[in-house]
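Comments concern the structure below.
2 protein chains.
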Amino acid sequence: MTFRDIEIFVTVCELKSMSAAAKKLYMSQPAVSQTISQMEGELQVRLFDRIGKRLTLTYPGEILYSYGRRILNLVKEAESTLDDVRNMRMGRLRVGASTTVGIYLLPEIIGEFRKRFSVDVYFTIDNTAGIEKLISDNSIDLGIVEGPVHSRDIVVTPYIDDELYLVCSKNHRWAEKKSISPAEIENEDIIMREKGSGTREVFEETMARNNVRYRIKYVLNNTEAIKKAVEANIGVSVISRLAVEKEIRGGRLVKVDIENIRFERKFSIIYHKDKFKSNLFEEFIKHLYDFRSNIK
Amino acid sequence: MTFRDIEIFVTVCELKSMSAAAKKLYMSQPAVSQTISQMEGELQVRLFDRIGKRLTLTYPGEILYSYGRRILNLVKEAESTLDDVRNMRMGRLRVGASTTVGIYLLPEIIGEFRKRFSVDVYFTIDNTAGIEKLISDNSIDLGIVEGPVHSRDIVVTPYIDDELYLVCSKNHRWAEKKSISPAEIENEDIIMREKGSGTREVFEETMARNNVRYRIKYVLNNTEAIKKAVEANIGVSVISRLAVEKEIRGGRLVKVDIENIRFERKFSIIYHKDKFKSNLFEEFIKHLYDFRSNIK
DNA sequence: TAGTAAAATAATATGATATTATGAGATTGA
DNA sequence: TCAATCTCATAATATCATATTATTTTACTA
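These protein sequences, in sequence, are chains C and G.
Taking my numbering, I'd label the letters of the first sequence as residues 1 to 296.
Taking my numbering, I'd label the letters of the second sequence as residues 1 to 296.
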């Protein structure tokens with residue numbers, strides 16, 4: 001029993017005529033006759049009584065008709081739902097990001113995106129390695145990460161150039177100077193994210209590369225907490241511009257330049273090389289690049 | 001998209017492998033590959049992500065999988081329901097009968113039948129012409145009637161020989177005699193069914209054939225009412241044995257023979273010649289004949 | 001880095017599902 | 001009542017979808 005069979009049967013039921021059904025389905029009348037009698041053979045029940053030239057449904061025929069309608073409706077519904085997906089009237093996008101991007105950038109990006117498309121967006125925050133794993137698993141469709149990606153199967157596209165700012169409280173003695181020499185850092189109390197965080201990696205790597213000694217006095221695993229601590233002048237810190245721009249503009253934190261040293265990193269968009277790029281996926285990538293102008 | 005397509009797709013989803021699905025469905029692997037990619041072409045959506053050698057469902061794939069399962073379940077349910085019908089675990093039988101049979105015989109017959117098969121029995125009472133019409137329409141499957149059937153398209157099978165009994169009250173002067181001559185009827189008050197009823201037709205036709213004069217004093221369109229009236233000795237009547245046997249056995253009515261005259265008729269089973277005889281139909285016919293031994 | 005395994009692709013074979021042609025039975029209308 | 005018309009069934013054939021085998025590509029595994 002195929003859908004075609006059911007479609008033909010249902011049409012015959014509704015028109016109470018094989019030839020009329022044939023006409024409606026743009027096929028020959030014998031094809032309809034054959035289909036019906038074949039169904040009767042397969043199912044081992046008589047579907048129609050042929051009384052005179054009039055067709056009337058038998059009891060099993062009525063049962064099959066009711067199921068047939070339900071089945072056809074379900075198929076139609078499935079097709080139209082898939083059509084909605086294809087035309088992005090519905091959909092699902094699973095995005096992952098490492099901490100900084102995830103907290104300070106993506107929520108707004110996703111919010112804007114959902115204003116344009118009423119789709120479900122699933123959103124995971126993890127470190128770069130975790131996001132990379134999720135991409136490999138196809139557990140998420142796309143990620144935005146800060147660190148280097150190791151798998152050869154993952155496509156990496158530069159997205160945003162990030163910079164970490166050295167910030168201090170407006171009450172700190174550096175607040176006036178706006179610029180210091182590297183040596184001045186040595187005896188300063190530094191508040192820093194935990195080991196393994198992308199921010200700390202960039203900080204330590206840059207400091208080492210420039211042979212600057214430093215002392216991390218406080219470790220907090222939460223950027224917001226670090227900002228509060230710096231504001232309270234408990235110490236200074238190095239934090240992504242994405243996380244502190246508001247506070248700097250508001251004067252609650254002060255950005256301090258270090259002579260000849262900049263903490264730089266790149267955020268990258270990553271996805272699996274074999275990933276099928278749905279319309280929605282492409283649209284989100286476009287959206288990401290469009291959104292960049294809001295930041296730079 | 002065919003039923004087969006969905007079956008293949010669902011199997012692939014569940015085994016997460018095309019070759020495993022092919023094995024399970026006893027078909028070649030390329031056939032599965034082809035089916036899937038053809039579905040993707042038709043529906044214009046990617047159903048699987050081919051990441052490495054692992055297959056994972058896309059979002060539209062997941063949607064189709066959920067619909068697919070529902071559709072397959074519905075088809076299976078339809079098939080098993082039809083199987084139940086075929087094996088008479090369920091069914092429908094539409095029976096019609098003319099008045100006497102309908103009231104005094106069929107209820108018990110149907111009751112017994114439903115003890116054996118849990119099927120729906122629809123039951124219509126009408127005069128012979130009405131039942132004949134319903135048969136022609138295929139509005140009922142089978143009828144039991146008393147009168148002659150005119151349509152050449154209806155199969156008529158003799159069922160039961162019925163006889164009308166002349167009955168009087170136990171207080172009537174005939175009650176002792178048990179037998180009378182035709183001439184004795186002439187001046188008797190007769191209570192009779194309305195014109196057009198099968199009973200009256202047989203009565204009048206038999207009386208005319210035997211040149212007996214008679215006088216119908218009361219007309220009632222209800223056999224039960226006639227029986228009560230006869231019991232009350234308001235008059236005598238001629239009633240099917242099926243309707244009065246209990247009362248005669250109980251002594252409330254007395255059967256009176258008329259010399260050389262018997263009111264005879266036959267009940268017949270009728271159905272349309274083109275009617276498909278389902279198992280249930282055949283079973284009911286058999287049941288009818290089995291039941292005869294309870295009456296004769 | 002070879003060996004194995006899975007999926008895709010190509011060429012071909014098969015078979016279900018159409019079509020045309022025709023026939024039988026039934027209703028309709030002159 | 002009898003031809004005309006209509007409906008469905010049957011038979012022969014054609015077509016096209018769906019399978020198969022053979023082969024290639026790619027990825028995982030030891």
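Glycine included, each C-beta is placed from N, C-alpha and C at the ideal position.
Only a predicted model underlies this, so the values are computations on that prediction, with no experimental measurement involved.
Quick check on residue i: buried or exposed, where buried means 16 or more other Cβ atoms within 10 Å of its Cβ?
i: residue 60 of chain C; result: buried
i: residue 146 of chain C; result: buried
i: residue 26 of chain G; result: exposed
i: residue 102 of chain C; result: buried
i: residue 299 of chain G; result: Since the displayed chain G opens at 1 and closes at 296, residue 299 of chain G lies outside it and no answer follows.
i: residue 21 of chain G; result: buried
i: residue 243 of chain G; result: buried
i: residue 297 of chain G; result: Chain G is shown only over 1 to 296; residue 297 of chain G falls outside these bounds and no answer can be derived.
i: residue 78 of chain C; result: buried
i: residue 161 of chain C; result: exposed
i: residue 138 of chain C; result: buried
i: residue 52 of chain C; result: exposed
i: residue 198 of chain G; result: buried
i: residue 80 of chain C; result: exposed
i: residue 271 of chain G; result: buried
i: residue 278 of chain G; result: buried
According to DSSP, simplified to helix, strand and coil, what is residue i?
i: residue 148 of chain G; result: coil
i: residue 131 of chain G; result: helix
i: residue 179 of chain G; result: strand
i: residue 103 of chain G; result: helix
i: residue 117 of chain G; result: coil
i: residue 279 of chain C; result: helix
i: residue 66 of chain C; result: helix
i: residue 71 of chain C; result: helix
i: residue 43 of chain G; result: helix
i: residue 289 of chain C; result: helix
i: residue 77 of chain C; result: helix
i: residue 27 of chain C; result: coil
Who pairs with residue i in a beta bridge, going by DSSP?
i: residue 143 of chain C; result: C/96, C/270
i: residue 57 of chain C; result: C/48
i: residue 162 of chain C; result: C/265
i: residue 124 of chain G; result: G/96
i: residue 168 of chain C; result: C/254
i: residue 216 of chain C; result: C/190
i: residue 157 of chain C; result: C/269
i: residue 238 of chain G; result: G/166
Please work out which residues of its chain come closer than 8 angstroms, Cβ to Cβ, to residue i, disregarding the five sequence neighbours upstream and downstream, and give them in chain order.
i: residue 235 of chain G; result: 188, 189, 190, 191, 217, 218, 229
i: residue 13 of chain C; result: 57, 61, 65, 68
i: residue 46 of chain C; result: 40, 58, 60, 61
i: residue 274 of chain C; result: 153
i: residue 203 of chain G; result: 164, 192, 238, 263
i: residue 128 of chain C; result: 98, 145, 146, 147, 148, 149, 198
i: residue 5 of chain G; result: 35, 38, 39
Apart from the five residues on each side of it in sequence, which residues of its chain come closer than 7 angstroms, Cβ to Cβ, to residue i?
i: residue 291 of chain G; result: 109, 112
i: residue 151 of chain G; result: 132, 136
i: residue 181 of chain G; result: 259
i: residue 124 of chain C; result: 96, 134, 140
i: residue 49 of chain G; result: 56, 58
For residue i and residue j, I'd like the C-alpha separation in whole angstroms.
i: residue 263 of chain G; j: residue 164 of chain G; result: 5 angstroms
i: residue 148 of chain C; j: residue 294 of chain C; result: 25 angstroms
i: residue 281 of chain G; j: residue 30 of chain C; result: 29 angstroms
i: residue 173 of chain G; j: residue 156 of chain G; result: 42 angstroms
i: residue 166 of chain C; j: residue 119 of chain C; result: 39 angstroms
i: residue 72 of chain C; j: residue 82 of chain C; result: 15 angstroms
i: residue 33 of chain G; j: residue 142 of chain C; result: 27 angstroms
i: residue 115 of chain G; j: residue 36 of chain G; result: 51 angstroms
i: residue 208 of chain C; j: residue 232 of chain C; result: 28 angstroms
i: residue 16 of chain C; j: residue 55 of chain C; result: 6 angstroms
i: residue 169 of chain G; j: residue 104 of chain G; result: 21 angstroms
i: residue 227 of chain G; j: residue 19 of chain C; result: 56 angstroms
i: residue 10 of chain C; j: residue 268 of chain G; result: 37 angstroms
i: residue 266 of chain G; j: residue 158 of chain G; result: 7 angstroms
i: residue 254 of chain C; j: residue 224 of chain C; result: 16 angstroms
Quick check: is any heavy atom of the ligand NAP less than 6 angstroms from the C-beta of residue i?
i: residue 284 of chain G; result: In the structure shown, the ligand NAP is absent, as is every other ligand, since no ligand is present at all.
Looking only at its chain, what residues have a beta carbon closer than 6 angstroms to the beta carbon of residue i, apart from the 5 residues adjacent to it on each side?
i: residue 106 of chain C; result: 97
i: residue 283 of chain C; result: none
i: residue 85 of chain C; result: 91
i: residue 122 of chain C; result: 94
i: residue 241 of chain C; result: 163, 165
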